[in-house]
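**Q** I have a structure here, written as structure tokens, and I will follow up with some questions on it.
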Amino acid sequence: MKKVSAGKIITFVFMCIYLVISLYPLIWLLFYSLKDNSEIFVTNPFGPPVAWQWENYSKAVSQFNIALYFRNSAIVTIGTIALCIFCSLLFTYVVARVRTRLTRTMRMIVMMGMFIPVQAIMTPLVIMVKNLHLTNSLWSLIVPYTALGFPFAVMVLYGFYVNLPMELEESAYMDGASFFTTYFKIIFPQVKSAVAVLIIYEFMSAWNEFSLALVLITKDALKTLPLGLSSFKGQFSTDWGATGASLVIASLPVLILYLFFSEKVSDSIAFSGLKD
Amino acid sequence: MLFKHSKPAMFLFVLPLLLIYGIIVIFQLAQGFLMSFAKWDGVNAATFIGLQNYQKLFASPDLWPSIRNSILFSIFLTIYQIGLATFFAYILVNVDIWMKKFFKAAFFVPVLLSATVVAQLFVSIYHGDYGLINKLSEALGSNWCQNWLAEPIKGILAIAFGESWKGMGYHMLIIYAAMRNVPKTYYEAARIDGAGAARQFFALTFPLTSQAIKVCFIMCITFGFRAFEMIFIMTGGGPGNYTSTMSIMMYKAMFSLRNYGLSNAIAMMIVFICVVIMFGIEKATTSTNTDM
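Quick mapping for you: the protein sequence lines, in order, are chains A and B. So in the working numbering, the last spot in the first sequence is 298, and the numbers never skip. So in the working numbering, the last spot in the second sequence is 404, and the numbers never skip.
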């Protein structure tokens, strides 16, 4: 059985070529984040650094405000995850348990949001945020990110709730528990795996979001990482090493998440393909 | 039983989501639609001007280059992402080669990065003097060197390559998940009937995963018209309108012209185009797939 055909070897070689295309740019980035300009530009553009420039990383933190952007991103991401999942859990529970025309319509309207390009709400959102004087607060990002996260969250949670047997709550209710206690004591612990998928998905989208942050945030002190990083363009920046170092720092949290939970990350992505 | 007696509690449960979603999505969408027919600077009261914003959009010299760029972007994205994603997913599921898990994980890594990081990375890859591509071609002794992002057609395709590089793994995972659900016994039956690998793919895998591939296809095609982040960071739509798209036009209408009516009109055009594409693809595929 263990016969290695020519086709298999060609396929394998092709996969390896794409592996290089897929990973080498990142390795190149990692290398140049540890080099000085003369090494990047002239003596050693491709290989691992000869003289390791760890100070690029301290420069990134001290000169580029990375710590501040990192903090803002963390606040926005955690806020979005908490608010989005909390609201979706409660909403979807009712919608999945009580299936009337009204709840079906509500669910459909939320799900439609998946197909609305973010540009459609951008301009009015910018003006509303300005008129409500929210431009000086990270809430101006957390609330929109939350709203845009709803369609996916409702879709995933609906699938989970529908498959939970109704008897669980009915018997608890007979024993005299209120609506809130039945939900938080009995149902809530059952949806952990769905919540894990959602946390990962919302984390990746909130941590990396750029367009809305660009139009809604003007103060430097409130910029998130993707927005802060976009302003030092590699084209004109003369310090490639420090720029590279900040790009690496910005990517680390999501990469670490993937390293530990790669299966869960894959699950949450596969879920998002079930849009229909 | 439980649900009949808990109406107020249920109302409290659905309220937070409906409130946030209503204010941020439904209300803004309606507002955007109405304001696309108005002259509005966001400070003074809006005045109704009918279709003038749309007329202005259609008269803009940037519109046709932007649409051309979007189409190029979409085509590049579709061929690169769907083509490779389908191919890799098929191999990962059906062909017994070495290091499968590693390939799958490695091809997915670029998806995790933020568009800003990828855009900055590709700005340095395409850099006219010190970029990776120009350094490589220098090392190979060719004079292929150029300022990739400053050329008319090449510029937008170069950005599309960056975008495709970032997104391929996403589509690969979606198609992979669909392909894994095709029962192994189907393939065994096909093999017994003497179907080769190509025949198995086109007669079995493709029809049975067409739903997932269609979702990816719609995402790729509409993305060309929504594309913003990478283009904005890498070139800002320039030089001139070489790499402009409608999203870039919208941003300029909003922030350089302060013409919120016009920017809403552009947004509505983007929505319109995306919806038409979506329904078009939906319609075209349901009429041909009736025998499934």
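All C-beta atoms, glycine included, are put in the ideal place defined by N, C-alpha and C.
Alpha carbons only, please: which of A:I208, A:A194, A:F63 is nearest the one belonging to F250 of chain B?
**A** As a working mapping, residue 250 of chain B is identified with position 138 in the second sequence. The sequence given here has Glu at residue 250 of chain B, not Phe. The candidate whose alpha carbon is nearest that of E250 of chain B is A:F63.
**Q** Give the DSSP-derived three-state secondary structure of G256 of chain A in the structure shown.
**A** As a first step, residue 256 of chain A must be located in the first sequence, where it is residue number 234. Only weak support is given to the placement of G256 of chain A: the predicted model assigns it a pLDDT of 45, under 50, and the value that follows is read from those uncertain coordinates. Three-state result, G256 of chain A: coil.
**Q** Could you name the residues of the same chain whose beta carbon sits closer than 6 angstroms to that of I330 of chain B, not counting the 5 residues immediately before and after it, in chain order?
**A** For the purposes of this step, residue 330 of chain B is taken as residue 218 along the second sequence, with counting starting at 1. Here the set comprises M390, I393.
**Q** Can you pull the chain A residues whose beta carbon is under 7 angstroms from the beta carbon of W210 of chain B, in chain order?
**A** For the purposes of this step, residue 210 of chain B is taken as the residue at position 98 of the second sequence. Those are F34, listed as they occur along chain A.
**Q** Given a cut-off of 9 angstroms on the beta-carbon distance, is the pair L220 of chain A and C106 of chain A in contact?
**A** In the first sequence, counting from the first residue as 1, residue 220 of chain A sits at position 198. In the first sequence, counting from the first residue as 1, residue 106 of chain A sits at position 84. Yes.
**Q** Taking DSSP as the reference, what is the three-state secondary structure of T321 of chain B?
**A** On the second sequence, position 209 is the one that residue 321 of chain B refers to. Reduced to three states, the DSSP call for T321 of chain B is coil.
**Q** Please tell me whether E224 of chain A has its Cβ less than 9 angstroms away from any Cβ of chain B.
**A** Translated into positions along the first sequence, residue 224 of chain A becomes position 202. Judged by the 9 angstroms Cβ criterion, E224 of chain A is not in contact with chain B.
**Q** Going along the chain, which unbroken runs of the alpha helix (DSSP H) with 4 or more residues stay wholly within the segment 158-215 of chain B?
**A** Runs found: 164-171, 175-189, 195-206.
**Q** Identify, in the order they occur along the chain, each residue of the same chain with its Cβ nearer than 6 angstroms to the Cβ of S375 of chain B, setting aside the five sequence neighbours on each side.
**A** The sequence position of residue 375 of chain B within the second sequence is 263, counting from 1. Taken in chain order, the residues that qualify are M362, A365, M366.
**Q** Quick check on I378 of chain B - is its C-beta less than 9 angstroms from some C-beta in chain A?
**A** Taking the first residue of the second sequence as 1, we reach residue 378 of chain B at position 266. Yes, I378 of chain B lies at the interface with chain A (some Cβ there is under 9 angstroms from its Cβ).
**Q** Identify each residue in the segment 139-150 of chain A for which the Cβ-Cβ distance to at least one residue of chain B is less than 9 angstroms, and report them in chain order.
**A** Residues P139, V140, Q141, A142, I143, M144, T145, P146, L147, V148, I149, M150.
**Q** I'd like the list of long-range same chain contacts for P177 of chain B, defined as Cβ closer than 8 angstroms, with 5 residues on each side in sequence excluded.
**A** As a working note, residue 177 of chain B is residue 65 in the second sequence. For P177 of chain B, where only same-chain residues beyond five positions count, the Cβ hits under 8 angstroms are N353, Y354, S356.
**Q** Per the DSSP calculation, K151 of chain B is bridged to which residue(s)?
**A** Working through the second sequence from its first residue, we reach residue 151 of chain B at position 39. According to DSSP, which records beta bridges pairwise, K151 of chain B is partnered with B:T159.
**Q** Sorted by chain position, which residues of the same chain lie with C-beta nearer than 7 angstroms to V54 of chain A's C-beta, five sequence neighbours on each side aside?
**A** The sequence position of residue 54 of chain A within the first sequence is 32, counting from 1. The sequence given here places Tyr at residue 54 of chain A; Val does not occur at that position. Result list for Y54 of chain A: I62, W262, G263, G266, in chain order.
**Q** Just tell me which of B:Y133, B:A301, B:K151 has its CA closest to the CA of M134 of chain A.
**A** For the purposes of this step, residue 134 of chain A is taken as the residue at position 112 of the first sequence. For M134 of chain A, the nearest C-alpha among the options comes from B:Y133.
**Q** For the alpha helix (DSSP H) that E250 of chain B lies in, which residues bound it at each end?
**A** Residue 250 of chain B sits at position 138 when you count from the first residue of the second sequence. Start and end: 244-251.
**Q** Is G162 of chain B near F170 of chain B, with beta carbons less than 9 angstroms apart?
**A** On the second sequence, residue 162 of chain B is found 50 positions in, with the first residue counted as 1. On the second sequence, residue 170 of chain B is found 58 positions in, with the first residue counted as 1. No, the Cβ-Cβ distance between G162 of chain B and F170 of chain B is not below 9 angstroms.
**Q** Pull up the CB-CB distance for S226 of chain B and P248 of chain A, whole angstroms please, since I reckon it's below 8 angstroms.
**A** In the second sequence, the residue the question calls residue 226 of chain B occupies position 114. In the first sequence, the residue the question calls residue 248 of chain A occupies position 226. Yes, they are in contact, since the Cβ atoms of S226 of chain B and P248 of chain A sit about 5 angstroms apart, within 8 angstroms.
**Q** Taking the alpha carbon of L111 of chain A as the point to measure from, which residue in A:A228, A:S227, A:W74, A:I209 has its own alpha carbon closest?
**A** Numbered from its first residue, the first sequence carries residue 111 of chain A at position 89. Among A:A228, A:S227, A:W74, A:I209, the Cα nearest to that of L111 of chain A is on A:I209.
**Q** Is the shortest distance between the beta-carbon of V72 of chain A and the beta-carbons of chain B less than 9 angstroms?
**A** Residue 72 of chain A sits at position 50 when you count from the first residue of the first sequence. Not closer than 9 angstroms to any Cβ of chain B, the Cβ of V72 of chain A fails to qualify, so no.
**Q** My understanding is that S182 of chain B touches M358 of chain B, with C-beta atoms under 8 angstroms, so please give their C-beta distance in whole angstroms.
**A** Residue numbering aside, residue 182 of chain B sits at position 70 when the second sequence is read from its first letter. Residue numbering aside, residue 358 of chain B sits at position 246 when the second sequence is read from its first letter. Yes, they are in contact, since the Cβ atoms of S182 of chain B and M358 of chain B sit about 7 angstroms apart, within 8 angstroms.
**Q** Excluding the 5 residues flanking L184 of chain B on each side, which residues of the same chain have their C-beta closer than 8 angstroms to its C-beta?
**A** As a first step, residue 184 of chain B is located in the second sequence; it is residue number 72 there, counting from the start. Within the same chain, L184 of chain B has close Cβ partners I265, I268, L269, A272, G336.
**Q** List the residues of chain A that Y242 of chain B touches, going by C-beta distances under 8 angstroms, in chain order.
**A** Walking along the second sequence from the start, residue 242 of chain B turns up at place 130. The answer, in chain order, is I62, F63, P67, W262.
**Q** Under the rule that 16 or more other beta-carbon atoms within 10 Å means buried, what is I31 of chain A, buried or exposed?
**A** Position 9 of the first sequence, counted from the start, is the residue given in the question as residue 31 of chain A. Exposed, since its Cβ has fewer than 16 Cβ neighbours within 10 Å.
**Q** Counting only Cβ pairs nearer than 8 angstroms, list the residues of chain A close to M390 of chain B.
**A** Here residue 390 of chain B is taken as the residue at index 278 of the second sequence, counted from 1. Chain A residues near M390 of chain B: F137.
**Q** Nearest by alpha-carbon distance to W152 of chain B: which of A:T246, A:I149, A:E231, A:I278 is it?
**A** Here residue 152 of chain B refers to the residue found at position 40 when the second sequence is read from its first residue. Taking only the C-alpha atoms, the option nearest W152 of chain B is A:I149.
**Q** For N246 of chain B, collect the residues of the same chain with a Cβ closer than 6 angstroms to its Cβ; drop the 5 residues on either side in sequence, then sort them by chain order.
**A** Reading the second sequence from its first residue, position 134 is the one you call residue 246 of chain B. The residues are C257.
**Q** Closer than 9 angstroms, CB to CB, is V184 of chain A near chain B or not?
**A** If you number the first sequence from 1, residue 184 of chain A lands on position 162. Cβ-Cβ to chain B under 9 angstroms: no for V184 of chain A.
**Q** Less than 6 angstroms between C-beta atoms, sequence neighbours within five positions excluded: which residues of the same chain meet that for M23 of chain A?
**A** Here residue 23 of chain A refers to the residue found at position 1 when the first sequence is read from its first residue. The pLDDT assigned to M23 of chain A is 45, lower than 50, so where the model puts this residue is not dependable; a value taken from the coordinates is nonetheless given after this. Same-chain partners within the cutoff: there are none.
**Q** Of the choices B:K395, B:A379, B:V388, B:V387, whose alpha-carbon is the least far from that of L415 of chain B?
**A** Outside the modelled stretch of chain B, which goes from 113 to 404, sits residue 415 of chain B, for which no answer is possible.
**Q** How many whole angstroms separate the CB atoms of M342 of chain B and E263 of chain B, which I take to be in contact at a CB cut-off of 8 angstroms?
**A** The residue you call residue 342 of chain B lines up with position 230 of the second sequence. The residue you call residue 263 of chain B lines up with position 151 of the second sequence. The Cβ separation is near 17 angstroms, so there is no contact.
**Q** Contact between the segment 227-237 of chain A and the segment 210-227 of chain B is defined here as three or more beta-carbon pairs at a separation below 8 angstroms; is this criterion met?
**A** As far as the Cβ criterion goes, the segment 227-237 of chain A touches the segment 210-227 of chain B, which means the pair count is three or higher.
**Q** Could you tell me which chain A residues have their CB closer than 9 angstroms to the CB of R338 of chain B, listed as they occur along the chain?
**A** Taking the first residue of the second sequence as position 1, residue 338 of chain B is located at position 226. Result: P139, V140, Q141.
**Q** Flag this pair as yes or no: are the beta carbons of M291 of chain B and F219 of chain B separated by less than 9 angstroms?
**A** Reading the second sequence from its first residue, position 179 is the one you call residue 291 of chain B. Reading the second sequence from its first residue, position 107 is the one you call residue 219 of chain B. For M291 of chain B and F219 of chain B, no; Cβs fall outside 9 angstroms.
**Q** Helix, strand or coil for N94 of chain A, going by three-state DSSP, please let me know.
**A** On the first sequence, residue 94 of chain A is found 72 positions in, with the first residue counted as 1. Helix at N94 of chain A.
**Q** Using 8 angstroms for Cβ pairs, my map puts P146 of chain A next to Q140 of chain B. What's the rounded Cβ distance?
**A** The sequence position of residue 146 of chain A within the first sequence is 124, counting from 1. The sequence position of residue 140 of chain B within the second sequence is 28, counting from 1. Indeed, because the Cβ distance is near 4 angstroms, the residues count as touching under 8 angstroms.
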